[in-house]
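Visitor: Dumping the structure here so I can ask a few things about it.
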Ligand code: ACM
């Protein structure tokens, strides 16, 4: 039965409650991903230290052991695995009839005990995960009565983690794998090499990690005391990789390694310049974006790549090996006589075909080793071997083209499944790529493009969320980016399309948060927070306050007396007006419980006349990068929103009545972006003074309202504060703030804008 339809058990429940019966409620358990079929019953099965767990046959033992280990880890309860089938206990069994899908399972729970059956150990594992999720109650645990027949919609339910731009420790990778397993996600795509770091030990080429695993970060982060460089390093030994692969396999997760070819190769070429194009000695990259450095296509380089892939294959037993293929700008190949000669030699008509030739060659190598090649959707640009699989990231078009051409495809559209984008517009979101991708955006994604004919749809293997870590420097930020959005990915990957319902998902999500905490997962709380927005009317001494939750939780409660909001506090319905000064605290609630701690915001004349960077818009209307400061080396760093191609910050409709000057606090960040052909789009307005100027305009293209020269360098704290007297007295204006001059390798960014009022008689 579909739990979205009214349950016949509910009528019984109503009667039971009327009769004040001790029966447990028959509400369906809040599982994510939603099972294909679930029918809730009444009552349940108590689980305690006496509960016996039995595995019928060897193949069932692993699932039983995993369940017992997870219960011990998260609920502090030691269950016994017994040798004899108990009369009433928990039984795991392989049963060919349980499910037609190797990942499917059947679970039955009632007063007499629990049985989990599957045709294959994979399905039994997922049955054990569901059973663990079903365990309810704080003191005495029980499993509610339920019948579940479940199987996934897609075979590829993936997560990609970029360990090249920033490195994660093995224990941290294991926590990601733990959480993936609990979400029934089954592919861990591990991005191990890039311009900024080579992270996998290759015995035959030790310099790949001796040199390629370290970079000197840009700006203050890479400058130690007295100017000595501070290196950022990290790589996985082969023993560690085997450990990760084993840990993943225990959780039914296949690890797909990625070695990026022929671009994103700066770290490798820094180690072995002979495999690059120019022959120059390169440094490992410390900028973000797209570097121009490619591998050449010589025989020696192909042998190098095959030797690397030979060691990779020996470490990763999974079927797929990812060869990258993305963002390989061909300028170096075009400029190199040697590469041009090689192109002719292999019969490639242009650089795109040379890349296709390299990929076909690697495909032959992988096939000879019983592996399948997968690559980013650029691999479609040349002739692609028929059995290559395509990862569609530049939207869904790559997936459509792949499926129409008979290739399998995994859908990872960057606008919806790149978790390096912020998940709300709250100022507290950590550094990120541009473009907010909310929980709802992720949830609503449908992996099978409507444009595909029914016969082509089988080529869509599934979906994958990707986390690129240029701006994800810490593991806390990895967790923030992944959770809870992976819950949404999991449901799309697993649950039947017709079972998906965002409102229902939101209602089930709070029940999942305790297990995140039990595993020690620092999930993002921004999707559960309340954004408190205020529009001031300074002359009237008032502020109009609007409250919202980025995920769509509607039960928002607030206070205006400084106290914590509770389920009994006023419920927010529409914007309300408060006299200044005012303070507002607000939290979103589900089932009478606050989803996270309350947000607080105070409003007074001073706060209404100040905007911090993260509450300014961009003049271009484009989403902005959220960059972090390059210092201090240890501890918290400030964040700044910047549109690096058109750096201009907008305070819409600033109330300038009675304002004499604008005080601007500006900071300096490294301009460490490799933009390839996009670099020409970066606009610099000519500077009138040697250090350039800060300018405030009326609208993005309007008249200059105020201007002041910038200092040659900021103060010791990295900031400069300028006072810009207004040239005239407009009433309300869109204020646009820009900096003139080309100050690379650094750039000025707005930190704070303050409107300074005219001195008034009596002073205020
Ligand atoms: C990619 O985002 N460069 C695949």
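Residue numbers (my numbering): 726 to 1489.
Where is the CB? At the ideal position from N, CA and C, for every residue including glycine.
1. Considering residue 769, what are the terminal residues of the beta strand (DSSP E) in which it resides?
2. If we ignore side chains and look at the alpha-carbon of each, how far apart do residue 833 and residue 1361 end up?
3. Count the other CB atoms, across all protein chains shown, that sit within 10 Å of the CB of residue 803; report buried if there are 16 or more and exposed otherwise.
4. With distances taken from CA atoms, which of 1071, 904, 1330, 1170 is nearest residue 1203?
5. Look at the alpha carbon of residue 805 and the alpha carbon of residue 1031, and state the distance between them as a whole number of angstroms.
6. Could you tell me if residue 742 is buried or exposed, where buried requires 16 or more neighbouring beta carbons within 10 angstroms of its beta carbon?
7. Residues bridged to residue 1366 by DSSP?
8. Given 8 Å as the limit, tell me if residue 1191 has its C-beta closer than that to any heavy atom belonging to the ligand ACM.
9. Could you name the residues of the same chain whose beta carbon sits closer than 8 Å to that of residue 1483, not counting the 5 residues immediately before and after it, in chain order?
10. Is the region 1211-1230 close to the region 905-921, with three or more CB pairs under 8 Å?
11. Could you tell me which residues DSSP puts in a beta bridge with residue 781?
12. Give me the Cα-Cα distance between residue 1458 and residue 1271, rounded to the nearest whole angstrom.
13. Do residue 1045 and the ligand ACM come close, with the Cβ less than 8 Å from some heavy atom?
14. Let me make sure I understand the geometry here. Which of 872, 1453, 1395 has the alpha-carbon closest to that of residue 1467?
15. Is it buried or exposed for residue 747, if we count other Cβ within 10 angstroms and need 16 for buried?
16. Strictly by DSSP, which residues pair up with residue 867?
17. May I have the straight-line CA-CA distance separating residue 1137 from residue 1269, to the nearest angstrom?
18. Over the uninterrupted alpha helix (DSSP H) stretch that includes residue 1205, give me the two end residues.
19. Would you kindly check if the distance between the Cβ of residue 1255 and the Cβ of residue 1281 is under 9 Å?
20. Does the region 1427-1441 touch the region 1345-1358, meaning 3 or more C-beta pairs lie closer than 8 Å?
21. Using beta-carbon positions only, say whether residue 1398 and residue 1131 come within less than 9 Å of one another.
22. Could you check whether residue 1134 and residue 1186 sit closer than 9 Å to each other, using their CB atoms as the reference points?
23. Among 1283, 1207, 1306, 1475, which residue has its Cα nearest to the Cα of residue 1312?
24. For residue 1051, is the beta carbon positioned less than 8 Å from some heavy atom of the ligand ACM?
25. Using a Cβ-based criterion (distance less than 8 Å to any ligand heavy atom), does residue 961 qualify as near the ligand ACM?
26. Under a Cβ-count criterion, where at least 16 other Cβ atoms within 10 Å of its own Cβ denotes burial, should residue 884 be classed as buried or exposed?
27. Is the closest heavy atom of the ligand ACM to the C-beta of residue 1143 under 8 Å?
28. So, using beta-carbon positions, are residue 702 and residue 755 closer together than 9 Å?
29. Within 9 Å of any Cβ in chain B, is that where the Cβ of residue 761 sits?
30. Of all the beta strand (DSSP E) runs that stay within the bounds of the region 1212-1266, which reach a length of 3 or more residues?
31. Could you give the first and the last residue of the continuous alpha helix (DSSP H) run that contains residue 1168?
32. Of the choices 976, 966, 952, whose alpha-carbon is the least far from that of residue 1494?
33. Who are the Cβ neighbours of residue 1415 in its own chain at under 6 Å, not counting the five residues just before and after it?
34. Confirm, please, whether the CB-CB distance from residue 820 to residue 851 is below 9 Å.
35. By the three-class DSSP mapping on this structure, what secondary structure does residue 1281 have?
36. For residue 1321, which residues of its own chain have a beta-carbon under 8 Å away from its beta-carbon, when the five flanking residues on both sides are left out?
Guide: Checking against the coordinates, here is how it stands:
1. 762-772
2. 49 Å
3. exposed
4. 904
5. 49 Å
6. Low per-residue confidence applies at residue 742: pLDDT is 36, beneath 50, and the placement is therefore not dependable, though the value from the model is reported in the following sentence. Exposed, by the Cβ-count rule.
7. 1351
8. yes
9. 1383, 1384, 1385
10. yes
11. 818
12. 22 Å
13. no
14. 1395
15. Low confidence applies to residue 747: its pLDDT is 38, below 50, so where it sits in the model is not reliable, and the reading given next is rough at best. Burial call: exposed.
16. 771, 861
17. 41 Å
18. 1200-1207
19. yes
20. no
21. no
22. yes
23. 1283
24. yes
25. no
26. buried
27. yes
28. As shown, the chain starts at 726 and ends at 1489. That puts residue 702 outside it, with no answer to give.
29. Absence of chain B from the displayed structure is noted, only one protein chain being present.
30. 1256-1262
31. 1164-1169
32. A question about residue 1494 goes unanswered here, because the residues of the chain that appear run from 726 up to 1489.
33. none
34. no
35. strand
36. 1250, 1253, 1254, 1312, 1313
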